[in-house]
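Colleague: Take any residue in the sequence shown, count from 1 to its spot, add 109: that is its number in our numbering.
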Amino acid sequence: MPPSMRWVMVFLYGIGSIGAASAAPPPTTALTASQAQEDLDLAVKALEAALPALYWHQTPGEWRQAKAMARQRAAQAGNSEDLWRALMPLLAQIGEGHLSLTPSDAMVQNERTNGLLLPLSVLWNASGAYVVGRYGDAADIPRGTRILAINERSTALLEKDLMYAATRDGQIRTGVLREASGSNYGHLLYLMTGSHAQFRLQLKTVDGRIVNRDVHGAPPSARHDPIVAETPAVASLAWLDPDTAYLNVPTFSNRRYREAGADFHATLQRIFDELHTKGARNLILDLRENGGGSEPNESILFSYLVAEPLQKYAAVEANARHLSVYDASGRRYETDVFDDDEMKMQRVLPKGRLIRRDIPPEGLMTTWTASSPVFHGRLVVLAGGNTFSGGAELASMLYHVHRGVFVGEEVGGTHEGNTSGYRWSLTLPNSGMTVRIPLLQFRFAWAGLPRDRGVRPDCEAPPSAEEYGLQKDAAWRIARNIARGLTDVHCAGNVQARRARLSLSPLPPAPLPNEGSP
């Protein structure tokens with residue numbers, strides 16, 4: 110799958126591209142209510158025309174209710190920011206994480222020039238929200254301080270707000286929590302509630318004291334993420350001991366490999382040749398920052414971990430070869446999904462719907478050619494909310510065939526599949542915001558876990574404020590111990606149960622390399 114182009118990241122890049130010394134007045138984001146309604150209606154038409162499975166993660170009744178709420182909000186809109194607050198919850202309701210809404214250049218400039226944001230970077234995890242960075246007159250708030258409320262709104266309610274401030278797969282929280290962590294949360298809160306000259310905080314210190322604190326809002330230029338480990342550009346291998354290796358695969362994007370002067374398949378071949386030559390018995394596979402990339406790279410990596418090919422998809426479908434809608438003024442908006450060569454891989458169903466043929470080079474299988482050497486030793490998979498798209502697909506494939514013990518968080522992609530692939534980038538004529546709609550539904554050949562959720566860890570180890578941004582954090586240490594045959598005391602039962610399932614796998618692992626050697 111192509112990487113998830115989350116609207117927050119596009120938004121942040123846009124902010125960074127604006128010169129701090131620019132004296133030009135910000136372009137206006139003003140809208141009339143009728144302009145906001147026209148943009149909203151156009152977005153709804155495009156979503157209903159383009160999404161192959163609009164009701165995969167919601168019911169028709171929920172969609173009707175969400176549209177009615179969005180129209181009520183749009184009727185009160187006076188600017189693009191108001192329209193964002195009407196449209197973004199509607200997109201989030203659909204439950205497709207590859208769907209995105211990019212603020213306009215005028216919105217970016219307006220925030221850069223006039224915005225006053227929360228002067229904190231925040232880590233969100235399963236237990237709440239924690240300070241990991243601080244600026245301005247909040248600079249003395251200790252790292253690790255727990256946030257109980259912001260502007261009289263509890264963090265439980267603020268987290269609920271987040272579920273409708275960013276798109277997500279199904280009902281998965283972890284993907285949104287990762288996206289909202291760091292300085293991103295200040296931008297999200299700004300888009301949700303506007304600029305604030307002052308924030309009232311309720312905090313709980315590390316020694317248990319409850320503190321109320323008023324802090325001034327900070328401009329975007331004063332805020333930055335705490336120093337975090339740099340994500341490597343390509344897959345890398347490190348040895349923890351003669352038997353145990355750590356493989357970090359941060360992306361499946363061919364573009365990123367090309368930019369690094371590398372090739373994904375060749376990189377994997379070199380890594381697995383080394384694992385075989387040195388007789389690795391244990392492997393930690395880190396997918397925590399893998400947001401996907403290029404099809405079929407996740408399947409290529411799978412083929413080095415599982416010898417037998419797997420039917421991965423029940424179907425890959427699109428609504429039509431060509432999509433078009435009209436706005437209230439009669440203007441036409443259109444896009445092609447497939448070109449002539451790609452149509453050779455499609456079978457046309459009634460009413461123009463398209464389904465992928467199960468033939469090489471893509472089809473419905475993981476791979477059509479075997480990889481060698483295949484690693485058959487003990488596998489531990491590190492995964493979390495940023496494990497998305499192709500990264501989440503690989504997690505689901507490994508989970509389905511009972512290959513590996515999982516450590517970390519629930520992955521960001523649903524176990525039943527996703528809607529991704531090609532996208533229609535539709536710029537709304539009045540607000541200038543861009544809705545990016547994924548066009549291909551990838552349905553996996555297995556059931557959900559339950560439906561609308563992703564692969565969950567056998568040993569839960571979410572990121573903590575103390576180790577935010579560190580690669581070798583608690584999850585890494587737990588994975589290392591499990592790889593070496595040890596079991597963390599907090600998840601011994603789950604790991605033992607998982608190991609029992611591994612022994613019943615329909616694809617049982619081959620004998621470990623060097624079995625029986627001194």
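Even for Gly, the Cβ is constructed at its ideal location relative to N, Cα and C.
In terms of alpha-carbon separation, which member of P198, D191 and A158 lies closest to A177?
Modeller: P198
Colleague: Indicate the three-state DSSP secondary structure (helix, strand or coil) for H325 in the structure shown.
Modeller: In the structure shown, H325 sits in a strand (DSSP, three-state: E or B).
Colleague: Give the secondary structure of S230 by DSSP, where H, G and I count as helix, E and B as strand, and everything else as coil.
Modeller: Reduced to three states, the DSSP call for S230 is strand.
Colleague: Just checking, does the stretch 167-176 make contact with the stretch 429-449 on the three C-beta pairs under 8 Å criterion?
Modeller: For the pair of segments examined, the stretch 167-176 was found not to touch the stretch 429-449: the number of CB pairs separated by less than 8 Å stays below three.
Colleague: Mind pulling the alpha helix (DSSP H) runs of 4 or more residues that sit fully within the stretch 293-372?
Modeller: Counting only runs of 4 or more, we get 293-302 and 363-368.
Colleague: Can you check which of these residues, V544, I587 and H524, is closest to Q280 by C-alpha distance?
Modeller: H524
Colleague: To the nearest angstrom, report how far apart A265 and G187 are at their CA atoms.
Modeller: 29 Å
Colleague: If you reduce the DSSP assignment to three classes, tell me which class L595 lands in.
Modeller: coil
Colleague: Can you tell me where the beta strand (DSSP E) with G530 in it begins and where it stops?
Modeller: In the DSSP assignment, G530 falls within the unbroken beta strand (DSSP E) covering G526 to T536.
Colleague: Provide the residue span of the beta strand (DSSP E) that contains T543, from first to last.
Modeller: T543 to F553
Colleague: Name the one or two DSSP bridge partners that R87 has.
Modeller: Shown here, the chain extends from 110 to 627; a query on residue 87 therefore has no answer.
Colleague: I'd like to know whether the C-beta atoms of T104 and L160 end up nearer to each other than 8 Å.
Modeller: Outside the displayed span of the chain (110 to 627) sits residue 104, for which this structure offers no information.
Colleague: At 3 residues or longer, what runs of the beta strand (DSSP E) sit wholly inside the stretch 178-222?
Modeller: 209-211
Colleague: What do you reckon, are the CB atoms on T254 and V231 nearer than 8 Å?
Modeller: no
Colleague: Determine the DSSP secondary structure at A130, reduced to helix, strand or coil.
Modeller: The pLDDT assigned to A130 is 39, lower than 50, so where the model puts this residue is not dependable; a value taken from the coordinates is nonetheless given after this. A130: coil per DSSP, three-state reduction.
Colleague: Label T137 either buried or exposed according to how many other C-beta atoms from any shown protein chain fall within 10 Å of its C-beta, with 16 as the threshold for buried.
Modeller: T137 sits exposed, since fewer than 16 C-beta atoms from the chains shown fall within 10 Å of its C-beta.
Colleague: Quick one, which of G295, T314 and D352 has its alpha-carbon nearest P329's?
Modeller: G295
Colleague: For M506, count neighbouring C-beta atoms within 10 Å of its own C-beta (all shown protein chains included) and say buried if the count is 16 or more, exposed if not.
Modeller: buried
Colleague: Assuming the contact rule is C-beta atoms closer than 8 Å, G291 and L225 should be a hit. Round their C-beta distance to whole Å, please.
Modeller: Incorrect: roughly 19 Å between the Cβ atoms, too far for contact.
Colleague: Look at the alpha carbon of A132 and the alpha carbon of F308, and state the distance between them as a whole number of angstroms.
Modeller: With a pLDDT of 46 at A132, under the threshold of 50, the predicted position of this residue should be treated as unreliable, and no value is reported.
Colleague: Here's the rule I'm using: 16 or more other beta-carbon atoms within 10 Å means buried, otherwise exposed. How should A130 be labelled?
Modeller: Note that A130 scores 39 on pLDDT, short of 50, meaning its location in the model is unreliable; the coordinates nonetheless yield the value given after this. Exposed: under 16 other Cβ atoms inside 10 Å.
Colleague: Tell me which same chain residues have a C-beta within less than 6 Å of the C-beta of A184, skipping the five on either side of it?
Modeller: Annotation for A184: A142 place their beta carbon closer than 6 Å to its own, counting only its chain and skipping 5 residues before and after.
Colleague: Got a sec? Which residues, its chain only, sit under 6 Å from D582 by beta carbon, not counting five neighbours each side?
Modeller: E576
Colleague: With a floor of 3 residues, list each beta strand (DSSP E) that falls wholly inside the stretch 480-505, ordered by position along the chain.
Modeller: With a minimum length of 3 residues, the continuous beta strand (DSSP E) runs that stay inside the stretch 480-505 are 487-492.
Colleague: Quick check on the burial criterion: 16 or more other C-beta atoms within 10 angstroms. Buried or exposed for P459?
Modeller: exposed
Colleague: Work out the CA separation of G204 and Y631 for me, nearest whole Å.
Modeller: Here the chain comprises residues numbered 110 to 627, so residue 631 is not present and cannot be evaluated.
Colleague: Cα separation between T544 and G388?
Modeller: The amino acid occupying residue 544 in the given sequence is Val; Thr does not appear at that position. Each residue's alpha carbon lies about 49 Å from the other.
Colleague: On the three-state DSSP scale, how would you describe V240?
Modeller: strand
Colleague: So who's on the other strand from I393, going by DSSP bridges?
Modeller: Y355 and V489
Colleague: Quick check on this structure: which residue in L140, E519 and Q550 has the alpha carbon closest to the alpha carbon of R567?
Modeller: Contrary to the premise, residue 567 reads as Asp rather than Arg in this sequence. When C-alpha distances from D567 are compared across L140, E519 and Q550, the shortest belongs to E519.
Colleague: Report yes if the CB atom of Q311 is closer than 8 Å to the CB atom of L392, and no otherwise.
Modeller: no
Colleague: Around the C-beta of M216, are 16 or more other C-beta atoms found within 10 angstroms, so that it is buried, or is it exposed?
Modeller: buried
Colleague: Return the chain-ordered list of same chain residues with a C-beta closer than 8 Å to the C-beta of R397, the five sequence neighbours on each side being excluded.
Modeller: L491, A492, G493, N495, T496, G517 and A584
Colleague: Take the Cβ of E502 as the centre, count every other Cβ of all protein chains shown within 10 Å, and call the residue buried at 16 or more, exposed below.
Modeller: buried
Colleague: Identify the continuous beta strand (DSSP E) that holds E426 and give its terminal residues.
Modeller: Per DSSP, E426 belongs to the beta strand (DSSP E) from Y422 to A427.
Colleague: On the criterion of 16 or more Cβ atoms from any shown chain inside 10 Å, does Y422 qualify as buried, or is it exposed?
Modeller: For Y422, the number of other beta carbons within 10 angstroms of its own is at least 16, and it is reported as buried.
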